[in-house]
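Participant: Dropping a structure here in structure tokens format, bear with me for questions.
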Amino acid sequence: MALIDIDAREIHAKVVYFGPELSGKTTTLRAIATGVPPEARGSFRLIASASARTIFSDSLPLDLGERLGFRLHWHLYSVPGQPRSSGARAAVLQGVDGIVFVADATPGRMPENLASLAELESLLSAQGKSLGALPFVLECNKSDMADALSSSEMAAALGLEAAIAVRASAIRGEGVFAALRAVSREIAANL
């Protein structure tokens, strides 16, 4: 549940971008950082290796303005996708208020998408949470590729037919704000 500070009139929510390695989680946050005016965002922080792969997490704080007398602060995080980083993924999920699952929409990456989704469900279960109880959006990244599956095909293949599914091309900045708006609406509805 989001942190509501009555005295400061602020609401803080944590959104985690989860998905397999090289699915575009960091690129999604980078596109959001680029598309948000500097006065509405904090510093985009990357903890990456020499090969530019995420080591622990990336983070991007956003100020979404005021709603109903409260200042909305969303804290966006991406998890490392490498198989060896399960502990880091579990740590980043602590206190999550909403999840954007960044899946690679190319057919050859479906096994990795499925494995990452299964891990997400397992990590949430270990924390006493379930995917169905959290605000959740499926970002179908790399939808600009010629062989990309549609968002409805992606949702069906992942068993997420009830989820909000958004076509995206993070490298082009397409769809990343639609996914962020969708998960933000879901979080706000749960306040």
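Count along the sequence shown starting at 1, add 11, and that's the number in my numbering. Don't be surprised by glycine CBs; every beta carbon is placed ideally from N, CA and C.
List the endpoints of the continuous alpha helix (DSSP H) containing Asn-124.
Facilitator: Per DSSP, Asn-124 belongs to the alpha helix (DSSP H) from 121 to 137.
Participant: Take the Cβ of Ile-15 as the centre, count every other Cβ of all protein chains shown within 10 Å, and call the residue buried at 16 or more, exposed below.
Facilitator: So Ile-15 ends up on the exposed side.
Participant: Go through its chain and collect everything with a Cβ distance to Ile-22's Cβ below 6 Å, but skip five positions before and after it.
Facilitator: These residues qualify, in order along the chain: Ala-13, Ile-15, Phe-81 and Leu-83.
Participant: Quickly, what does DSSP pair Gly-35 with across the bridge? List them, please.
Facilitator: Looking at the DSSP assignment, Gly-35 forms no beta bridge with any residue, so it has no partner.
Participant: If you reduce the DSSP assignment to three classes, tell me which class Ser-89 lands in.
Facilitator: Ser-89: strand per DSSP, three-state reduction.
Participant: Please confirm if Phe-188 has its CB atom under 8 Å from at least one CB of chain B.
Facilitator: Protein chains in the displayed structure number just one, and chain B is not present.
Participant: Quick check on Glu-172: does DSSP put it in helix, strand or coil?
Facilitator: DSSP places Glu-172 in coil when its eight states are reduced to three.
Participant: If you run the structure through DSSP and keep just helix, strand and coil, what is Ile-43?
Facilitator: Ile-43 falls in the helix class under three-state DSSP.
Participant: Assess contact between the region 194 to 202 and the region 157 to 173, defined as three or more Cβ pairs (one per stretch) separated by less than 8 Å. Is contact present?
Facilitator: Short answer: they don't touch.
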